[in-house]
Every structure is written in structure tokens, then in C-alpha cells.
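J.: In UniProt numbering, the protein residues as written are 1 to 517.
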């Protein structure tokens with residue numbers, strides 16, 4: 001169909017406005033016919049420049065209205081489905097398309113091509129009928145009042161103005177997205193969406209641009225890129241790190257690395273900053289990146305057996321903990337009374353063998369596919385709750401008590417002397433390896449329950465790791481999102497026996513004074 005009234009030929013000119021009866025001292029608007037005071041510069045009804053020479057629109061072009069940008073209706077679609085595709089660029093780490101408003105500086109080409117550039121729902125041209133810049137009031141001191149419409153003719157829109165086509169009649173569901181009352185999207189090629197959105201566009205008001213760290217229109221700073229980070233490290237490894245719903249900053253950090261094909265080699269590191277310490281968001285990121293740098297190096301395989309590699313991986317994980325601790329320590333001066341600190345959890349996969357280690361209460365889980373194989377937490381927490389469970393207190397009671405998140409070991413300048421990680425080696429069958437912060441396991445701690453949650457999520461969203469990790473983050477946010485949430489996943493289709501054994505546990509870690517995580 002076309003964007004003309006039903007039954008009217010595409011080239012039929014629009015009828016002229018009927019002037020209202022005027023009184024002495026009044027003048028009639030040549031566009032809408034409304035009566036205005038004789039000294040008025042703009043029409044009080046439509047905003048037309050009463051002093052400009054009347055220029056009728058060319059035959060065959062429908063009229064259009066120009067709204068000052070600040071008065072554009074919130075959420076009005078401008079470019080249809082093609083613009084949505086241009087604005088929401090998938091796969092950019094830590095970036096999300098936000099808001100439904102209009103950009104203040106859409107490329108003038110989208111308006112300048114009015115008579116020839118855009119197409120309607122069935123491919124027919126959509127004409128904007130926008131006047132030349134010299135004929136249009138601008139969004140400055142010479143503009144009509146905010147919200148006033150100005151009827152103009154073909155040309156380029158003035159600065160600060162957005163073309164909105166005159167409503168046309170069309171069957172429900174087939175309208176152009178430029179029509180008032182639009183009920184659905186059109187084909188992606190139907191309407192010209194213009195150029196991709198400027199990276200400096202403010203995501204809060206979508207009217208201004210970020211200049212010197214703040215929006216020049218509303219004053220809002222840009223969102224912290226750490227508020228939400230997605231990393232699809234490989235086809236079989238991915239993760240999401242999210243701020244949650246209660247905190248004002250994200251103190252979790254995630255560092256991933258993976259190679260193809262699936263199961264060949266991967267590194268997954270998650271660190272959770274201690275909330276009660278100063279600048280722990282800096283500590284967690286420094287620790288995660290330092291640990292990944294160590295674990296990303298190839299390990300000596302000795303005799304070439306899985307046990308030889310696992311032993312080397314265990315030594316590398318221990319080194320990674322100490323390097324991460326050093327990285328945290330250098331982020332703060334010596335005289336800071338409450339220095340930044342964080343937890344540590346990591347797993348290394350090579351040729352289907354897993355070696356995992358942790359310090360604090362961030363966790364590594366193995367969630368096998370087969371029901372007859374138990375799901376398990378790899379390693380154990382360094383926490384007051386863990387000590388209570390070891391003494392016989394039920395998990396639910398221990399993990400919901402007032403000191404449930406008080407940890408007994410951590411990374412940082414004031415960490416305990418012994419930072420030997422709890423190490424576990426696993427030769428798995430098929431299943432999921434998960435490394436996560438307490439922002440997830442707060443709501444689903446038992447390994448078997450977590451396996452059930454993961455299966456239900458995978459049935460709904462599929463098994464792409466980053467997408468599945470996002471589903472688990474969404475679950476935690478739906479439960480309240482009281483903490484930052486990080487989930488890193490690796491999909492393994494191993495041929496192992498699921499044998500698990502601990503390593504490097506001969507020396508019991510020295511327990512430090514518990515601190516709240």
C-alpha cells in the first residue's frame with residue numbers, strides 16, 4: 001500500500017486551509033486559516049511564520065509538520081525497524097541500547113531525501129515535504145513556542161527539528177512507522193533509518209551529547225561500562241558481569257580467555273570486591289586481569305600425561321593467586337586503614353581436563369548433563385558460613401545467618417599470610433563448568449538446584465554460553481539482585497569419567513579475622 005489516504009491518487013494535492021473569519025486587527029494564517037493578532041509573527045495555532053511568503057507544496061507531495069526536538073512525543077518511532085537495527089549494535093561489550101527517544105542530530109540526509117529517499121510499507125516512496133532551512137523557524141530565539149507545529153514544503157529540516165509526516169489512513173498493522181497510530185513494525189528496508197547512532201549520544205535523555213564527561217543537555221554522566229559486561233570468549237565459553245539492582249557500582253570482575261575448538265583450552269576468572277573495604281571495584285578488576293595473564297600462559301606438561309598437566313595447572317593457579325594479590329596491593333597506599341580486597345575463583349580447562357581453585361566465597365561448580373552424575377561445588381568457601389556447615393549447621397541456616405558473607409580469607413594488602421587456593425582437578429564427562437560470584441549463588445546455592453536452574457534456563461534461551469549466563473543473571477535480578485552478579489560458563493563435551501580429587505590441600509590455610517564480603 002502507499003502512504004496516501006485510501007482511495008486517493010498518489011499525486012492528488014492536499015486541499016487548502018479554510019480561513020477563519022477575522023476581526024479588525026487580526027490576520028488569517030495562510031496555512032491553517034486560524035485568526036491571529038495583527039502584530040503576531042507566528043500563527044498561534046500551527047506556528048507558521050506569518051511574515052514568510054506563502055509557498056504551496058509541490059503537487060503530489062503530502063504536507064508534513066516540524067516539531068521542535070524538545071517537544072517531540074516520547075517514544076515516537078522515527079526510522080522504523082531499520083533504525084532499531086542500526087541503533088542496537090549487538091556484541092559490544094558492556095554496551096546496551098537504551099531509551100526510545102529521538103536523536104537530536106539525525107543526519108540531515110534522512111530529511112533531505114524526503115521526496116526520494118524513504119519508502120513506505122510496500123516500497124512506495126514516503127515523502128517528507130520538509131522546507132528549506134531558510135523557510136523554517138529554528139529551535140532558538142526565533143523559534144515558535146515549544147510544541148508548535150510548522151507546516152513547510154520540500155527541502156532539508158532546520159537544526160533542532162524533526163520531520164513528522166501528516167497522519168495517513170491505512171489498515172491496522174500496515175501503517176508506516178511515521179503514521180500516528182502505528183501498530184506494528186514494517187520491513188527493515190521500508191524506511192530509511194539514517195546513519196548509525198553517534199557514540200556520544202546521551203543514553204539518558206537521547207537529546208544531548210556527552211561532552212567532558214557529562215551530557216550537554218541534561219547533565220547526566222554516561223553509564224559506567226562496568227555496570228553490565230558481556231564476554232563471548234569463544235563458541236563454548238562466555239559470561240556476564242552485572243551490577244544487580246541494589247548497588248551503585250559493580251565490584252565484581254570477570255576475565256575470560258578461550259580457544260577453539262571447544263574443550264581445547266580456556267581460562268575463567270571471577271573476583272568479587274569486598275563491599276566493606278575501600279575501592280574494592282578497583283581491586284577485583286586488577287586481580288582478575290593479573291590472574292588471567294598468568295593462567296593464559298601454556299603450562300609445562302612434563303611427561304605429557306593429564307596428571308602432569310594438572311599438577312602444573314595447580315602450581316599456575318597458586319601463582320595466579322599471589323600475582324592477583326600483588327596487583328590488588330599496589331592499587332592502594334600503605335596508610336589506607338581499610339584497603340581494597342576481593343575474593344578469587346578460577347578454572348583452567350585444557351584438552352577436557354579441569355583444574356579449579358578459589359580463595360574466599362566465589363565459587364566454581366561442575367554441572368554434568370547425566371542425572372546419575374552428581375553436580376558439585378569444586379573447592380570450598382573461606383567463610384564463617386562454611387565453618388558453621390562443617391560443624392553441622394544446615395546449609396540454609398548457615399547461609400542465611402547474619403554472618404553468612406563474612407569471609408575468612410581474601411586478596412589484598414591486609415590478607416592472611418597463607419593464600420594457598422582450594423584446588424580441585426576434574427576429568428569431566430559432558431556438562432557445564434560455572435564460575436560465579438555470590439550474587440548468583442545467594443539465590444541458588446546447592447549444586448543440584450543450580451543444575452536444575454541451568455537446565456530450565458537452557459531450555460528457554462538455548463545453550464550459547466553468554467546468552468545462558470545472561471539468563472542466570474536475569475534470574476538473580478528477578479530474586480532481588482541485592483549484590484553484583486557474575487556468571488562465567490564453559491560447555492564441555494568430555495569423554496572423562498567425572499573423577500574428582502583435591503590438590504594442594506596438605507597445608508591447611510591460616511584463617512584470618514573474618515570480614516564481611
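Just so you know, even glycine gets a beta-carbon here, dropped at the ideal spot from N, CA and C.
When you compare each of 238, 248 and 405 to residue 362 by their alpha carbons, which one comes out closest?
T.: Within the chain shown, numbered from 1, the residue matching residue 362 stands at position 362. If we check each option's Cα against that of residue 362, 405 comes out closest.
J.: Determine the direct distance from the alpha carbon of residue 219 to that of residue 212, and round the result to whole angstroms.
T.: As a first step, residue 212 must be located in the chain shown, where it is residue number 212. As a first step, residue 219 must be located in the chain shown, where it is residue number 219. Each residue's Cα considered, the two are about 10 Å apart.
J.: What residues are listed by DSSP as bridge partners for residue 332?
T.: Within the chain shown, numbered from 1, the residue matching residue 332 stands at position 332. Note: residue 332 sits in no beta bridge, so no partner.
J.: Determine contact between the segment 392 to 408 and the segment 316 to 323, defined as no fewer than three beta-carbon pairs at a distance below 8 Å.
T.: Result no; under three Cβ-Cβ pairs closer than 8 Å.
J.: Under a three-way DSSP split, which group does residue 36 fall into?
T.: Walking along the chain shown from the start, residue 36 turns up at place 36. If DSSP states are grouped into helix, strand and coil, residue 36 belongs with the strands.
J.: Leaving out the 5 sequence neighbours to the left and right, which residues in its chain are closer than 6 Å to residue 259 when beta-carbon positions are compared?
T.: Along the chain shown, read from residue 1 onward, the residue named residue 259 stands at position 259. Excluding sequence neighbours, residue 259 sits near 265.
J.: Could you give the uninterrupted runs of the beta strand (DSSP E) lying entirely in the segment 194 to 271, keeping only those of 3 residues or more?
T.: Entirely contained in the segment 194 to 271, the beta strand (DSSP E) runs reaching 3 residues are, in chain order, 228 to 234, 237 to 242 and 252 to 259.
J.: Do residue 447 and residue 386 have their beta-carbon atoms positioned less than 8 Å apart in this structure?
T.: Within the chain shown, residue 386 is the residue found at index 386, counting from 1. Within the chain shown, residue 447 is the residue found at index 447, counting from 1. It is not a contact, given that the beta carbons lie outside the stated cut-off.
J.: Taking the alpha carbon of residue 373 as the point to measure from, which residue in 423, 430, 301 and 384 has its own alpha carbon closest?
T.: Residue numbering aside, residue 373 sits at position 373 when the chain shown is read from its first letter. The residue with the shortest Cα to Cα distance from residue 373 is 430.
J.: Spell out the partners DSSP gives residue 49 in its beta bridges.
T.: On the chain shown, position 49 is the one that residue 49 refers to. Per DSSP, 42.
J.: If you draw a straight line from the C-alpha of residue 294 to the C-alpha of residue 216, how long is it?
T.: Along the chain shown, read from residue 1 onward, the residue named residue 294 stands at position 294. Along the chain shown, read from residue 1 onward, the residue named residue 216 stands at position 216. Straight-line Cα distance between these residues: approximately 43 Å.
J.: Taking DSSP as the reference, what is the three-state secondary structure of residue 368?
T.: The residue you call residue 368 lines up with position 368 of the chain shown. Residue 368: strand per DSSP, three-state reduction.
J.: Which word fits residue 276, buried or exposed, when buried means at least 16 other C-beta atoms lie within 10 angstroms of its C-beta?
T.: On the chain shown, residue 276 is found 276 positions in, with the first residue counted as 1. Per the 10 Å Cβ criterion, exposed.
J.: Can you tell me the Cα-Cα spacing of residue 145 and residue 203, whole angstroms?
T.: In the chain shown, the residue the question calls residue 145 occupies position 145. In the chain shown, the residue the question calls residue 203 occupies position 203. With a pLDDT of only 45 at residue 145, under the threshold of 50, the placement of this residue in the model should not be trusted, and no figure is reported.
J.: Look at the alpha carbon of residue 237 and the alpha carbon of residue 224, and state the distance between them as a whole number of angstroms.
T.: Your numbering for residue 237 matches position 237 in the chain shown. Your numbering for residue 224 matches position 224 in the chain shown. Rounded to whole angstroms, residue 237 to residue 224 spans 24 Å at the Cα level.
J.: Three-state secondary structure (DSSP) at residue 322?
T.: Position 322 of the chain shown, counted from the first residue, corresponds to residue 322. In the structure shown, residue 322 sits in a helix (DSSP, three-state: H, G or I).
J.: Quick one: give me the first and last residue of the alpha helix (DSSP H) that residue 453 is part of.
T.: Counted from its first residue, the chain shown places residue 453 at position 453. Here the alpha helix (DSSP H) through residue 453 covers 447 to 461.
J.: Counting only the same chain and skipping the five closest in sequence on each side, list residues whose C-beta sits under 6 Å from that of residue 403.
T.: As a working mapping, residue 403 is identified with position 403 in the chain shown. Excluding sequence neighbours, residue 403 sits near 384.
J.: Could you please give me the residues that DSSP links to residue 344 through a beta bridge?
T.: In the chain shown, counting from the first residue as 1, residue 344 sits at position 344. 359.
J.: Determine the contact status of residue 421 and residue 358, defining contact as a CB-CB distance below 8 Å.
T.: Walking along the chain shown from the start, residue 421 turns up at place 421. Walking along the chain shown from the start, residue 358 turns up at place 358. In this structure, residue 358 lies closer than 8 Å to residue 421 by Cβ.
J.: Spell out a yes or no on whether the segment 459 to 469 and the segment 231 to 246 are touching, meaning 3 or more CB-CB pairs, one atom from each, closer than 8 Å.
T.: Touching, per the Cβ criterion.
J.: Does the distance from the C-beta atom of residue 321 to that of residue 492 stay below 8 Å?
T.: Residue numbering aside, residue 321 sits at position 321 when the chain shown is read from its first letter. Residue numbering aside, residue 492 sits at position 492 when the chain shown is read from its first letter. No, they are not a contact pair.
J.: Assign residue 270 to one of two classes, buried (16 or more other C-beta atoms within 10 Å of its C-beta) or exposed (fewer than that).
T.: Reading the chain shown from its first residue, position 270 is the one you call residue 270. The residue is buried, with at least 16 neighbouring Cβ atoms inside 10 Å.
J.: Report buried or exposed for residue 246, applying the criterion of at least 16 other Cβ atoms within 10 angstroms of its Cβ.
T.: Numbered from 1 along the chain shown, position 246 holds the residue referred to as residue 246. By the neighbour-count rule (16 or more Cβ atoms within 10 Å), residue 246 is not buried but exposed.
J.: Using three-state DSSP, classify residue 290 as helix, strand or coil.
T.: Residue 290 sits at position 290 when you count from the first residue of the chain shown. Looking at residue 290 - three-state DSSP - the assignment turns out to be helix.
J.: In whole angstroms, give me the CA-to-CA distance for residue 255 and residue 297.
T.: The residue you call residue 255 lines up with position 255 of the chain shown. The residue you call residue 297 lines up with position 297 of the chain shown. So the alpha carbons of these two residues sit roughly 14 Å apart.
J.: Taking the alpha carbon of residue 248 as the reference point, which residue from 262, 226, 37 and 201 has its own alpha carbon closest?
T.: Here residue 248 refers to the residue found at position 248 of the chain shown. Considering only alpha carbons, the answer is 226.
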